[in-house]
Amino acid sequence: MNQKEFLESLVCPLTGTALTIAEDGKSLKSEDGTIYEVGDTGIVNMLYPKELLPGDAREQYLYDQAFLRYDKGVSWVFETLNHSDEASTRQFFIDLMELKPGMKALEVGAGTGKDSALILDRVRPGGTAVLSDLSPNMLKLAQEKLSTEDVNVHYFLGNGSYLPFPDDTFDAVFHFGGINTFSERKRAFDELTRVVRPGGKVVVGDESIAPWLRNTPTYATLLKANPLFRAEVPLEDVPANIENFKLHYVFGNAFYVMEYRVTANAPEVDIDLPIPGKDFVDNWRLRAEKAVD
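Going by this note's numbering, 16 is the number at position 35 of the sequence shown; the sequence numbering is gapless.
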């Protein structure tokens, strides 16, 4: 997928309708007249809404200020968490995506590109990696660092709750380290799942100290020092059309990573199927009607 093909693949992040590409290839326009600019380095500004919600705007500002020191700070955090092996742990959750050469992967919240480099290695040769972030400075740094040999790489500024792609676009989607602060978290999970083909994988993770550790002395200190670690795993936000859901705790059991496979439809219970071998009618519906609340 070259840059022109990438631009042609983008849709309105709100409505999913087609965008019109300017003749010079420097911008895209939606049906309502909204303009999305293409930067000089090819990074497309697909942020929606244009005026971010306060929580998202705050995160964008903080990451834009911290981009040069971010990697060192994150590595320090992981070292404090049971002296975790950052490199092998990142390999672990990229492995969960089950990527192969030639596949198409999306990373939402690519940051400075640490996990992105692993994704690129998995889909090369011939694959496509689309990398996005809320922070322009973080994404520019990732673009400067990453090797594009034998792989197609495209970048866009974007809000994970409004992804500019049609349904079933990617083989796998990855996000780690920001979902706790998303202003529209439920919508983000829906979007991450929507753009993955049935059978593809979604892998998402962030801070959340495992319940059995929260009252231990050092973890209690961590909870007090950084409220983000108090977050609960957002199980209620996971869409219905999934299967093979698994939950892992990583980095000293202070972060979670969830993985699941996307299905075409949500599962259903056949509540009217008769119980075999009975000489009278019985099923889940009748049992529910007889049950006392």
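The beta-carbon is built from N, C-alpha and C at its ideal position, and this holds for glycine as well.
Since the model is a prediction, treat every value here as computed from it, not as a measurement.
- Apart from the 5 residues on each side of it in sequence, V262 sits with its Cβ closer than 8 Å to the Cβ of P255 in its chain, given in chain order.
- The residue among N225, G94, C(-7) and G14 with its C-alpha nearest the C-alpha of Y51 is G94.
- Residue burial is scored here from C-beta neighbours: V177 has at least 16 other C-beta atoms within 10 angstroms and is therefore classed as buried.
- For the alpha helix (DSSP H) assignment, the uninterrupted runs of no fewer than 4 residues enclosed by the segment 40 to 123 are, from N- to C-terminal side, 51 to 61, 67 to 76 and 95 to 104.
- Distance between S116 and Q41, taken at the CA atoms: about 5 Å.
- Shortest Cα-Cα distance from P30 to any of K81, V89 and L144 involves L144.
- When DSSP assignments are scanned along the segment 156 to 204, the uninterrupted stretches of alpha helix (DSSP H) that are 4 or more residues long and fall wholly within it turn out to be 166 to 175.
- DSSP, reduced to helix, strand and coil, places F261 outside both helices and strands of the structure shown, so it counts as coil.
- Of all alpha-carbon atoms in D218, R195 and L99, the one lying nearest the alpha-carbon of L209 is that of R195.
- F73 is not a Cβ neighbour of V250, given a cutoff of 8 Å.
- Contact between V134 and L101 holds: CB atoms are separated by about 7 Å, below the 8 Å threshold.
- If you compare the alpha carbons of L216, M84, Y241 and E60 with that of R166, the shortest gap goes to L216.
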